[in-house]
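A.B. asks: Let me begin by handing over the structure; questions about it come next.
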Amino acid sequence: MKQVRPKKNLGQHFLTDLNIAKRIADTVDASPDIPVLEVGPGMGVMTQYLVEKPRPFKVVEIDRESVAYLQENFPRLNDNIIGGDFLRMDLREVFDGQQFVLTGNYPYDISSQIFFKMLDNKDLIPCCTGMIQHEVAVRMASQPGNKQYGILSVLIQAWYNVEYLFTVEPGVFNPPPKVQSAVIRMTRNEVTDLGCDEQLFRRVVKTTFNQRRKMLRVSLRQIFDANHPAPAGFFDDEIMTRRPEQLSIPQFIELTNKVASVLK
């Protein structure tokens, strides 16, 4: 069967280096014994190594041409090729409510959406690995105090330990992307409860980083309104003179609780 043509509208950059493909596939071994779901397998360059691992394995692919290619070239997968959009799937149905490892060579333009879906299903996904744009990987692994630290850093690290594993150069893809790529692994930490309202936590993090150059006493004002005005002295606390990249996750939790006490 002829090879699949990479489609620009799907952000397809097919990995061609088999050594790198195997290294990425092997990142799932950090969480053995549970099923694996691969997102966007394309022509199966990682799939060929993942399918050999002794555990349940499925792939989800939105591109019909790729689905046909996988059905012909990976008969062992049988009914384990899901033709559809990962972002629209009910992940509890994939392995009948079982936990699983998420992996893939993720399309750059939707990688953040994939990770937000991971966060929404964090109790199902104890481990997520794969390849993304280098810049996004650096952001996800960044610590407080630098310009890469942002929304993804805080929201993901609240629930996962993030490892930046290795960098991948553009020349090993067809077509080559215009940026470097990176392989990451996220493993659920011990946190089961943030100790604050999780939706408000997301809102506080997003609101402050959307005006990251401003002090918290400026950016946080838009959370309050006429029905829930900030009380006198609310913005006098020393923390309000900081910018969001200076705050640790525990400090964001503390800030969320401070905001929540007004919005009740």
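Residue numbers (our numbering): 7 to 270. Positions of the beta carbon are idealized from the N, C-alpha and C atoms, including for glycine.
1) Between which two residues does the alpha helix (DSSP H) harbouring Val34 extend?
2) Using DSSP's beta-bridge definition, name the partner residues of Glu169.
3) To the nearest angstrom, report how far apart Met7 and Phe80 are at their CA atoms.
4) To the nearest angstrom, how far is it from the Cα of Leu56 to the Cα of Ile88?
5) Does the region 125–134 touch the region 212–230, meaning 3 or more C-beta pairs lie closer than 8 angstroms?
6) My output table needs one value for Met7: the three-state DSSP class, helix, strand or coil.
7) Residues bridged to Ile259 by DSSP?
8) Taking Cβ to Cβ, would you say Leu93 is nearer than 9 angstroms to Lys123?
9) Give the C-beta separation of His140 and Gln186 to the nearest angstrom, bearing in mind that I take them to be a contact with Cβ-Cβ under 8 angstroms.
10) Along the chain, where does the beta strand (DSSP E) that runs through Lys64 open and close?
11) Given a cut-off of 9 angstroms, decide if Met246 and Leu269 are closer than it, judged by their beta-carbon atoms.
12) Skipping 5 residues on each side, what residues in its chain have a beta carbon closer than 7 angstroms to that of Pro150?
13) Given this structure, state the Cα-to-Cα distance separating Gly239 from Cys202, to the nearest angstrom.
14) Roughly how far, in whole angstroms, is the beta-carbon of Thr193 from the beta-carbon of Tyr166, given that I think they are within contact range, below 8 angstroms?
15) From the DSSP secondary-structure annotation, give me the bridge partner or partners of Asn180.
16) To the nearest angstrom, report how far apart Lys264 and Val189 are at their CA atoms.
17) Return the CA-CA distance between Arg29 and Arg11, expressed in angstroms with no decimal places.
18) Secondary structure at Leu43, three-state DSSP: helix, strand or coil?
19) Using a Cβ-Cβ cutoff of less than 7 angstroms, which residues in the same chain neighbour Val178 once the five nearest sequence positions on both sides are dropped?
20) Excluding the 5 residues preceding and the 5 following Pro256 in the sequence, name in chain order all residues of the same chain whose CB lies nearer than 6 angstroms to its CB.
21) Pop quiz: Ile68 and Asp91 are said to be a contact at Cβ under 8 angstroms. What is the actual Cβ separation, rounded to whole angstroms?
C.D. replies: According to the structure data:
1) Counting from one through the sequence shown, the residue named residue 34 turns up at place 28. DSSP places Val34 outside any alpha helix (DSSP H), giving it a letter other than H or E.
2) Here residue 169 refers to the residue found at position 163 when the sequence shown is read from its first residue. Partner(s): Arg191.
3) Translated into positions along the sequence shown, residue 7 becomes position 1. Translated into positions along the sequence shown, residue 80 becomes position 74. Reliability of the predicted coordinates at Met7 is poor, the pLDDT of 48 falling under 50, and no value is obtained from them.
4) The count along the sequence shown starts at 1 and reaches residue 56 at position 50. The count along the sequence shown starts at 1 and reaches residue 88 at position 82. Leu56 and Ile88 have their C-alpha atoms some 16 angstroms from each other.
5) No: fewer than three Cβ pairs fall under 8 angstroms.
6) By 1-based counting over the sequence shown, the position of residue 7 is 1. Bear in mind that the predicted position of Met7 carries a pLDDT of just 48, short of 50, making it too unreliable to give a figure here.
7) Taking the sequence shown and counting its residues from 1, one reaches residue 259 at position 253. Its beta-bridge partners do not exist; DSSP assigns none.
8) Here residue 93 is taken as the residue at index 87 of the sequence shown, counted from 1. Here residue 123 is taken as the residue at index 117 of the sequence shown, counted from 1. The answer is yes: Cβ separation under 9 angstroms.
9) Numbered from 1 along the sequence shown, position 134 holds the residue referred to as residue 140. Numbered from 1 along the sequence shown, position 180 holds the residue referred to as residue 186. Beta-carbon to beta-carbon, His140 and Gln186 are separated by about 4 angstroms, close enough to satisfy the 8 angstroms threshold.
10) In the sequence shown, counting from the first residue as 1, residue 64 sits at position 58. Counting along the chain, the beta strand (DSSP E) containing Lys64 begins and ends at 63–67.
11) Looking up residue 269 in the sequence shown gives position 263. Looking up residue 246 in the sequence shown gives position 240. Not in contact: Leu269 and Met246 (Cβ atoms no closer than 9 angstroms).
12) Residue mapping note: residue 150 aligns to position 144 of the sequence shown, counting from 1. By the criterion of a C-beta distance shorter than 7 angstroms, Pro150 is surrounded in its chain by Glu251, Gln252, Leu253, Ser254, once the five residues flanking it on both sides are discounted.
13) Taking the first residue of the sequence shown as position 1, residue 239 is located at position 233. Taking the first residue of the sequence shown as position 1, residue 202 is located at position 196. In this structure, the CA atom of Gly239 is about 22 angstroms from the CA atom of Cys202.
14) Mapped onto the sequence shown, residue 193 falls at position 187. Mapped onto the sequence shown, residue 166 falls at position 160. Indeed they touch by this definition, with Cβ atoms about 6 angstroms apart.
15) Sequence index remark: in the sequence shown, residue 180 carries index 174 (1-based). Looking at the DSSP assignment, Asn180 forms a beta bridge with Phe20.
16) The residue you call residue 264 lines up with position 258 of the sequence shown. The residue you call residue 189 lines up with position 183 of the sequence shown. Rounded to the nearest angstrom, the two C-alpha atoms are 37 angstroms apart.
17) Mapped onto the sequence shown, residue 29 falls at position 23. Mapped onto the sequence shown, residue 11 falls at position 5. Using only the alpha carbons, I get a separation of about 24 angstroms.
18) Reading the sequence shown from its first residue, position 37 is the one you call residue 43. In this structure, Leu43 counts as strand in the three-state DSSP scheme.
19) As a working mapping, residue 178 is identified with position 172 in the sequence shown. Leu21, Thr22, Asp23, Ile26, listed in sequence order.
20) As a first step, residue 256 is located in the sequence shown; it is residue number 250 there, counting from the start. Shown here for Pro256: not one same chain residue has a beta carbon closer than 6 angstroms to its own, the five before and five after excluded.
21) Against the sequence shown, residue 68 aligns to sequence position 62. Against the sequence shown, residue 91 aligns to sequence position 85. With a Cβ gap of about 5 angstroms, Ile68 and Asp91 count as contacting.
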